[in-house]
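Below you'll find the structure, written out as structure tokens, and then a few comments.
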Amino acid sequence: MGPAFADPEGERHVDYAASLAQDGAGRTAEAAAGAPAQAPDRTPDTTRRGVAGRAADSPVQSSRQAVPQPVVAALDLGTNNCRLLIARPARSGFHVIDAFSRIVRLGEGMTRSQALSDAAMDRAMSALRVCAVKLRRRGVTALRAVATEACRRAVNCADFVARVERDTGIAIEVISPAEEARLALAGCAPLLDPAVPRALVFDIGGGSTELMWLDVDAATGRPRLIDQVSIPKGVVTLAENFGGEIVTRDVYAAMVRDVAEAIAPFEARNGIRAAAEQRRLQLLGTSGTVTTLAGIHMGLRRYERALVDGSVLDVSEALAVIRRLLTLDFAGRAAQPCVGPDRADLVLAGCSVFEAMVEAWPVDRLRIADRGLREGILLDLIAAGDA
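Residue numbers (my numbering): 5 to 391.
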């Protein structure tokens, strides 16, 4: 989901070892010293698929060409968005030189059909052509392009992926839920607080929500994955099943109950609520839903990543924003600067996922991450030397 405004096209630096901003506890909002942690269940056999076997007209430069400086890129084709991040490796992270985000709704209609629609594929292709131009213009030397839930479920996914490579030169890799969660965690793990021993990291997507239950090392802040799950409840699927334009309080409550039923088995096998009640649980969200809630709470007239990423939002404040959104009709939600008309029918679906989680796992505060899967890909490419 995400804010109404696309990722900034300007440059930004992501430094995973420097003290860039302090949170209330005095810890750096970007990272503690050292490399970001990696969760288990790594799948190296698939990690390089988006780089190797390039088509003749691939937008990625051959390593045999003279390239003045390595440039890495991560492309995430989700159920709702197509997002690209291009960066140069830096001393302790990477420096973003270009970014792109467009709503494509690739998974639109998949609650009724198991196939990607022609219109959805055409929208995605239009966005991917823009990405291909950016990749060439920026001289990208290493790319990993991934697709998630919509492509995982679609019976015509193979044909679509072949079309993408044929028309744009971009080799799309359809990744598993476990790999999706690993990459998201790698991208946002530096925001975890080592003073809190357990963490629940979540990513509310278009077609699914990824949940990661973690143990956090008190000395290093590095997470160890205990359990994870992908539930088929995302903003697009919920909005299609329950309605997105007209959302009454009863409809919203039904969405919350639906999500609660889906996450109940995860709670039953892990006992996360006990950790929450003992105040030994931190909540970290890396989805557009939580960045939108933070932006609205801050009263931003235009979404600003620098203000939102790494910020802390009281859960009571987040719920107050949701109650305010519930009083608005579609036009009212669309008029919110951090929502906009493209997401006005999806924002409350995402809120219902968040509310189901905080009802199941009561915590006081939420850490906001405007980073995740793409940043995880970039760190992987740099660490593997593909840059």
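Every residue gets a Cβ at the ideal spot worked out from N, C-alpha and C, and that includes glycine.
Residues bridged to residue i (per DSSP)
i: V134; result: For V134, which the question treats as bridged, DSSP gives no partner whatsoever.
i: M216; result: V205 and Q232
i: L370; result: L287 and L317
i: E177; result: V150
i: L81; result: C86 and A151
i: P227; result: V220
Cβ-based burial, residue i [other Cβ within 10 Å; buried from 16]
i: R261; result: exposed
i: T152; result: buried
i: A223; result: exposed
i: Q73; result: exposed
i: V159; result: exposed
i: G389; result: exposed
i: R202; result: buried
i: Q282; result: exposed
i: D349; result: buried
i: Q118; result: exposed
i: E265; result: exposed
i: D197; result: buried
i: P269; result: exposed
i: A228; result: It is worth fixing the name first, because residue 228 is Arg in this sequence and not Ala. Answer is exposed; the Cβ neighbour count stays below 16.
i: D231; result: exposed
i: D122; result: exposed
i: A35; result: Residue placement at A35 cannot be trusted, given a pLDDT of 30 that sits under 50; what the coordinates show is reported in the next sentence. Classification for A35: buried.
i: P366; result: exposed
i: S320; result: exposed
i: R226; result: buried
i: V312; result: buried
i: D207; result: buried
i: D368; result: exposed
i: A146; result: buried
i: R284; result: exposed
i: A154; result: buried
i: R337; result: buried
Coil, strand or helix - residue i by DSSP
i: P93; result: strand
i: A322; result: helix
i: D349; result: coil
i: R87; result: strand
i: V294; result: helix
i: P269; result: helix
i: R375; result: coil
i: P194; result: helix
i: V76; result: strand
i: R106; result: strand
i: I250; result: coil
i: V100; result: strand
i: L330; result: helix
i: T172; result: helix
i: S356; result: helix
i: N245; result: helix
i: A199; result: coil
i: Y307; result: coil
i: H301; result: helix
i: A264; result: helix
i: C342; result: coil
i: V159; result: coil
i: G211; result: coil
i: V64; result: coil
i: A335; result: helix
i: A119; result: coil
i: M114; result: coil
i: G275; result: coil
i: A166; result: helix
Beta-carbon separation (whole angstroms), residue i vs residue j, contact threshold 8 angstroms
i: E112; j: V150; result: No, E112 and V150 are not in contact; Cβ-Cβ is about 20 angstroms, not under 8 angstroms.
i: G191; j: L383; result: 7 angstroms
i: M216; j: L189; result: 6 angstroms
i: I267; j: M361; result: 7 angstroms
i: N351; j: L329; result: Position check: residue 351 holds Val in this sequence, whereas Asn was assumed. Their Cβ separation, rounded to whole angstroms, is 6 angstroms, which keeps V351 and L329 in contact under 8 angstroms.
i: V64; j: V144; result: 5 angstroms
i: G292; j: G354; result: 7 angstroms
i: M114; j: R157; result: 6 angstroms
Check: residue i C-beta below 6 angstroms from any heavy atom of the ligand MN
i: A123; result: Questions concerning the ligand MN fall outside what the structure shown contains, since it holds no ligand whatsoever.
Looking at C-beta atoms only, is the number of pairs between the stretch 331 to 346 and the stretch 275 to 283 that lie closer than 8 angstroms three or more?
-> no
Would you call the stretch 376 to 387 and the stretch 334 to 353 in contact, with 3 or more CB pairs under 8 angstroms?
-> no
Are the stretch 232 to 249 and the stretch 320 to 329 in contact at 8 angstroms, needing three or more beta carbon pairs?
-> no
Counting pairs of beta carbons, one from the stretch 154 to 173 and one from the stretch 94 to 104, are three or more of them closer than 8 angstroms?
-> no
Given 8 angstroms as the limit, is there contact between the stretch 250 to 260 and the stretch 303 to 315, that is, 3 or more CB pairs closer than that?
-> no
Is there contact between the stretch 71 to 89 and the stretch 366 to 373, where contact requires at least three CB pairs shorter than 8 angstroms?
-> no
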